[in-house]
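A.B. asks: Before I ask anything, let me first share the structure, which is written out below as structure tokens.
There are 2 protein chains.
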Amino acid sequence: MSLLDASLIADVPPFRGIERQNLVELLSKARSERYEMGRTIFRQGEEAHSFFLLLDGHIRVVRVTPDGDQMIARYISSGELFGIAQALSLDSYPANAVAAVDCIALSWPGSYWQTITDRYPTFATNTYKTVGARLQEAQNKMVEMATERVEQRVAKAISKLANQTGQKTDDGILISFPISRQDISEMTGTTLHTVSRLLSAWENKGIVKSSRKKITVTDSHQLAVLASRDLHN
Amino acid sequence: MSLLDASLIADVPPFRGIERQNLVELLSKARSERYEMGRTIFRQGEEAHSFFLLLDGHIRVVRVTPDGDQMIARYISSGELFGIAQALSLDSYPANAVAAVDCIALSWPGSYWQTITDRYPTFATNTYKTVGARLQEAQNKMVEMATERVEQRVAKAISKLANQTGQKTDDGILISFPISRQDISEMTGTTLHTVSRLLSAWENKGIVKSSRKKITVTDSHQLAVLASRDLHN
DNA sequence: TTCAATATTTGTCGAAACGCAAATCAATAG
DNA sequence: CTATTGATTTGCGTTTCGACAAATATTGAA
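Respectively, the protein sequence lines represent chains A and B.
Just so we're on the same page, the working numbering is the position in the first sequence counted from 1, plus 10.
Just so we're on the same page, the working numbering is the position in the second sequence counted from 1, plus 10.
Laid out in structure tokens, this is it:
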């Protein structure tokens with residue numbers, strides 16, 4: 011592990027507003043690690059020994075049910091904290107975290123959480139804001155799952171991924187990490203078969219282009235229409 | 011409004027661990043109000059002028075979608091805080107709150123939130139714990155909606171209501187506030203028709219007894235079996 | 001008591017989406 | 001280059017559950 015420079019986290023939202031010298035102090039307690047694609051960073055139920063900041067890459071947060079079903083709760087993008095069980099007063103992780111691509115993340119020992127929130131109220135405020143936002147997000151998704159049909163949910167999920175993490179290409183907006191039909195189905199509570207059928211149909215209509223683990227949105231407007239269509243009207 | 015006694019909130023979870031004289035101070039800023047059954051306490055999107063503590067009764071928290079669908083996100087029981095938009099850094103309420111029975115609640119001006127969390131770290135800690143717990147709950151429900159069938163979801167919802175707020179009667183455990191088939195359907199993402207059919211079937215099997223806006227669980231074990239049944243096995 | 005408003009029950013039909021199966025296609029390791 | 005593995009596509013039968021409709025029951029108000 012090489013020495014970490016303060017500029018690494020200076021403009022990352024959770025640490026915004028903290029003085030440079032304090033950032034150096036913070037980094038001195040952190041450990042930097044590389045996680046290759048597919049690697050599990052921590053598992054649901056495991057004791058929450060650390061909390062993390064994603065510096066580069068994308069992380070899949072997956073909840074597993076007792077029946078063995080699983081759902082992708084969210085994707086973490088660079089600059090976001092994850093595995094912050096301490097912020098939720100949990101002593102074990104509530105989900106699995108898996109690297110969706112090769113990733114680089116910082117981690118701090120869980121025991122350091124109290125110290126850092128006490129010492130840097132800005133950080134505390136920022137993280138509670140994050141928790142609040144995730145609560146909103148989870149409740150929205152809950153309602154979405156309860157009230158919308160599969161096509162609408164899948165359209166929403168892809169739309170969101172494209173807007174949040176997509177990169178412009180010649181064809182349109184490409185989701186910037188490998189994502190399978192199975193992944194999409196686990197985000198939306200359906201089967202990979204149904205997702206595949208939907209993507210095929212949309213490809214025929216010129217809304218998306220897709221290949222193995224790649225999805226490009228070619229007509230985001232039409233996709234948005236599908237995402238918001240109320241079938242009652 | 012009469013004078014409020016410190017014993018009102020002394021043993022209520024969010025305020026636990028705060029000295030009596032401080033409770034008096036806290037109460038001096040609070041307003042007590044009675045809400046008759048069916049009354050809307052605040053509406054989704056409305057500016058969050060106050061936050062609340064439920065002293066007595068049950069509150070329905072309802073999210074409304076742009077399409078006009080709605081979902082009951084949770085029920086609040088006495089002793090719980092609600093409408094705490096400030097804790098989520100929101101400036102408008104994210105849902106409607108409706109009195110499910112006649113209720114009594116305290117409210118404080120939203121502007122007081124900062125003061126109280128600054129002055130009473132115990133309170134701050136307690137509420138963030140609550141927010142964390144609600145995030146867990148929302149994510150669980152999200153996964154539940156994504157992976158379970160209607161019967162299982164309805165069984166879970168009724169089971170939970172009976173365990174959390176039910177009262178023992180001769181017949182079994184009675185859910186202690188009026189709740190319609192429509193309400194259950196809005197908690198579980200189905201229709202009142204389906205809920206009605208399920209309850210009828212369960213009544214024939216001797217699992218529940220129900221009448222207009224009343225549900226009694228007569229065999230909570232069997233209901234728990236339905237709630238946890240994995241149809242794959 | 002009677003009426004109106006609300007809640008509940010039940011039947012029938014059909015569409016959405018799942019489960020299963022099998023074929024095809026793409027990527028990667030030898 | 002080829003074989004193997006994993007991802008995707010597509011077809012088909014089946015199930016779940018929603019939509020619609022109409023009858024019945026309960027409550028509260030006049």
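From the three backbone atoms N, C-alpha and C, an ideal C-beta is built for every residue, glycine too.
Please read these numbers as outputs of a predicted model, since none were measured by experiment.
Counting beta carbon pairs with one atom in the stretch 161-169 of chain A and one in the stretch 191-208 of chain A, are three or more of them shorter than 8 Å?
C.D. replies: These segments touch.
A.B. asks: Classify Asn214 of chain A as buried or exposed, calling it buried when 16 or more other Cβ atoms lie within 10 Å of its own Cβ.
C.D. replies: Counted from its first residue, the first sequence places residue 214 of chain A at position 204. By the neighbour-count rule (16 or more Cβ atoms within 10 Å), Asn214 of chain A is not buried but exposed.
A.B. asks: Is the stretch 41-55 of chain B in contact with the stretch 125-143 of chain B, if contact means three or more CB pairs nearer than 8 Å?
C.D. replies: Cβ pair count under 8 Å is below three, so no.
A.B. asks: Would you mind listing the beta strand (DSSP E) stretches within the stretch 152-236 of chain A that are 3+ residues and don't spill past its ends, in chain order?
C.D. replies: For the stretch 152-236 of chain A, whole beta strand (DSSP E) runs of length 3 or above, ordered along the chain, are 176-178, 183-185, 218-221 and 224-227.
A.B. asks: Given Trp212 of chain A, which residues of its chain have a CB within under 6 Å of its CB, disregarding the five upstream and five downstream residues?
C.D. replies: Taking the first residue of the first sequence as 1, we reach residue 212 of chain A at position 202. Around Trp212 of chain A: Val218.
A.B. asks: Name the residue from B:Ile28, B:Ser99 and B:Val72 whose alpha carbon lies nearest to the alpha carbon of Ile86 of chain B.
C.D. replies: If you number the second sequence from 1, residue 86 of chain B lands on position 76. The residue with the shortest Cα to Cα distance from Ile86 of chain B is B:Val72.
A.B. asks: For a minimum of 3 consecutive residues, which ranges assigned as the beta strand (DSSP E) are wholly contained in the stretch 92-164 of chain A?
C.D. replies: You should have 106-109 and 113-119.
A.B. asks: Buried or exposed, going by whether 16 or more other CB atoms sit within 10 Å of the CB of Gln124 of chain B?
C.D. replies: The sequence position of residue 124 of chain B within the second sequence is 114, counting from 1. Exposed, since its Cβ has fewer than 16 Cβ neighbours within 10 Å.
A.B. asks: Quick one: list the residues of chain B neighbouring Arg129 of chain A, beta-carbon separation under 9 Å, in chain order.
C.D. replies: As a first step, residue 129 of chain A must be located in the first sequence, where it is residue number 119. Residues of chain B passing the Cβ test: none, with the nearest at roughly 14 Å.
A.B. asks: So, helix, strand or coil for Tyr45 of chain B, using DSSP?
C.D. replies: Working through the second sequence from its first residue, we reach residue 45 of chain B at position 35. It is a strand residue.
A.B. asks: Find the residues of chain B that neighbour Arg73 of chain A, judging by a C-beta separation of less than 7 Å, and give them in chain order.
C.D. replies: Residue numbering aside, residue 73 of chain A sits at position 63 when the first sequence is read from its first letter. Under the 7 Å cutoff, chain B gives Gln149 and Val153.
A.B. asks: Report yes if the C-beta distance between Gly93 of chain A and Phe52 of chain A is below 8 Å; otherwise report no.
C.D. replies: Residue numbering aside, residue 93 of chain A sits at position 83 when the first sequence is read from its first letter. Residue numbering aside, residue 52 of chain A sits at position 42 when the first sequence is read from its first letter. Against a cut-off of 8 Å, the Cβ pair of Phe52 of chain A and Gly93 of chain A comes out as a contact.
A.B. asks: For Ile189 of chain B and Gln174 of chain B, what's the separation of their Cα atoms in angstroms?
C.D. replies: Sequence index remark: in the second sequence, residue 189 of chain B carries index 179 (1-based). Sequence index remark: in the second sequence, residue 174 of chain B carries index 164 (1-based). When rounded, the distance between both Cα atoms is 14 Å.
A.B. asks: For a contact defined as C-beta to C-beta under 9 Å, what are the partners of Leu98 of chain A on chain B?
C.D. replies: Counting from one through the first sequence, the residue named residue 98 of chain A turns up at place 88. In chain order: Tyr138, Lys139, Val141, Gly142, Ala143, Leu145 and Gln146.
A.B. asks: According to DSSP, simplified to helix, strand and coil, what is Ile20 of chain B?
C.D. replies: Walking along the second sequence from the start, residue 20 of chain B turns up at place 10. Per the sequence shown, the amino acid found at residue 20 of chain B is Ala instead of Ile. Reduced to three states, the DSSP call for Ala20 of chain B is helix.
A.B. asks: For Asn243 of chain B, which residues of its own chain have a beta-carbon under 6 Å away from its beta-carbon, when the five flanking residues on both sides are left out?
C.D. replies: Along the second sequence, one-based indexing puts residue 243 of chain B at 233. Because the pLDDT at Asn243 of chain B is just 44, under 50, the model does not fix this residue reliably, and the point stays unresolved.
A.B. asks: Alpha carbon to alpha carbon, how far is Ala234 of chain A from Leu209 of chain A? Give it in angstroms, no decimals.
C.D. replies: As a first step, residue 209 of chain A is located in the first sequence; it is residue number 199 there, counting from the start. As a first step, residue 234 of chain A is located in the first sequence; it is residue number 224 there, counting from the start. About 14 Å.
A.B. asks: Just mark Glu154 of chain B as buried or exposed, buried being the case when its beta carbon has 16 or more other beta carbons within 10 Å.
C.D. replies: In the second sequence, counting from the first residue as 1, residue 154 of chain B sits at position 144. With 16 or more other Cβ atoms within 10 Å, it is buried.
A.B. asks: Would you decide whether Gln96 of chain B is buried or exposed? Buried here means 16 or more other CB atoms lie within 10 Å of its CB.
C.D. replies: The sequence position of residue 96 of chain B within the second sequence is 86, counting from 1. By the 10 Å Cβ count, Gln96 of chain B comes out buried.
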